[in-house]
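Residue numbers (the working numbering), protein chains in the order written: chain U, 8 to 121; chain Z, 54 to 172.
For each residue, glycine too, the CB sits at the ideal point set by N, CA and C.
Working notes, structure below.
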């Protein structure tokens, strides 16, 4: 099935640096979501975006819903060791509580060097 | 907040056998979903399960291979039938939760997953 184009595939950064990752799609999604998955765990929701152009923050995380509804980015400021993990973007055709399953990106592996 | 649990958390199975995975939520939910995550890969939607109706399967997934039950608003099962090594994956359920029940957004939240290895 369709997948979102997520980049970068992996990132090696120093603690304290800012991180940026993005997702693009050839088709429109009405909801964009960002999840983090730690080893042995299910994905944990970080941020949900429901309106084109929307910019939403959750602590050190900021995400934006692209104006064309075909892309989104996630920024993490001042990274800390517990930010290590795999970050997934996901798109949903429905808007806010829709009945659709999610289409996922391939993930960004974030590795923080001490 | 809502709690989503899955059983078993992991299993090792022989090819040709079947495994039934359970997903339990401590709140009533309308929509439940089942995903597969192959080793080192992203998540792929298998099917959508509404209480009281047949599950809706995505392209590439069929009911004979992945039968799903949804007997009530807090429970669902996914069976992986006639398993082969290619079925080795993490199987995850997710539920659509309203704002405030498990977080600040009305959207999908995931269980911890079931790690399946088929020999």
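Beta carbons nearer than 8 Å to chain U: which residues of the stretch 105 to 127 of chain Z have them?
For the stretch 105 to 127 of chain Z, which is checked against every Cβ of chain U, the residues closer than 8 Å are 111, 112 and 113.
Could you tell me whether the stretch 68 to 87 of chain Z touches the stretch 138 to 148 of chain Z, where touching means 3 or more Cβ pairs closer than 8 Å?
Contact between the stretch 68 to 87 of chain Z and the stretch 138 to 148 of chain Z is present, because at least three Cβ pairs lie under 8 Å.
Could you work out which residue in 55/U, 41/U, 83/U and 107/U is closest to residue 27/U when comparing CA atoms only?
It is 83/U whose Cα lies nearest to the Cα of residue 27/U.
Is it the case that the Cβ atoms of residue 97/Z and residue 110/Z are separated by a distance below 8 Å?
Result no, Cβ atoms of residue 97/Z and residue 110/Z do not sit closer than 8 Å.
Cβ atoms of residue 79/U and residue 72/U: under 8 Å apart, would you say?
Yes, the pair counts as a contact, with Cβ atoms nearer than the cut-off.
In its own chain, which residues sit with a C-beta less than 6 Å from the C-beta of residue 116/U, not counting the 5 before and 5 after it?
Counting only Cβ-Cβ distances below 6 Å, and skipping sequence neighbours, we find 17 and 93.
What residue does the beta strand (DSSP E) around residue 88/Z start on, and which one ends it?
Counting along the chain, the beta strand (DSSP E) containing residue 88/Z begins and ends at 84 to 90.
Under 8 Å between the Cβ atoms of residue 86/U and residue 20/U?
Contact: yes.
With 8 Å as the threshold, decide whether the Cβ of residue 69/U is near any Cβ in chain Z.
For residue 69/U, the answer is no, since every Cβ of chain Z falls outside 8 Å of its Cβ.
To the nearest whole angstrom, what separates the beta carbons of residue 98/U and residue 41/U, a pair I think is in contact under 8 Å?
Going by Cβ atoms, the distance from residue 98/U to residue 41/U rounds to 11 Å, so no, they are not a contact pair.
Cutting at 6 Å between CB atoms, please list the residues of its own chain near residue 74/U, excluding the five before and the five after it.
For residue 74/U, where only same-chain residues beyond five positions count, the Cβ hits under 6 Å are 59 and 60.
Check whether chain Z comes within 8 Å of residue 113/U, counting only Cβ atoms and requiring the distance to be less than that.
True, the Cβ-Cβ gap to chain Z drops below 8 Å.
Rounded to the nearest angstrom, what separates residue 53/U and residue 101/Z at their Cα positions?
Whole-angstrom Cα-Cα distance: 23 Å.
Taking 6 Å as the limit between beta carbons, can you name the residues of its chain near residue 159/Z, skipping five residues before and five after?
The answer, listed in chain order, is 151 and 152.
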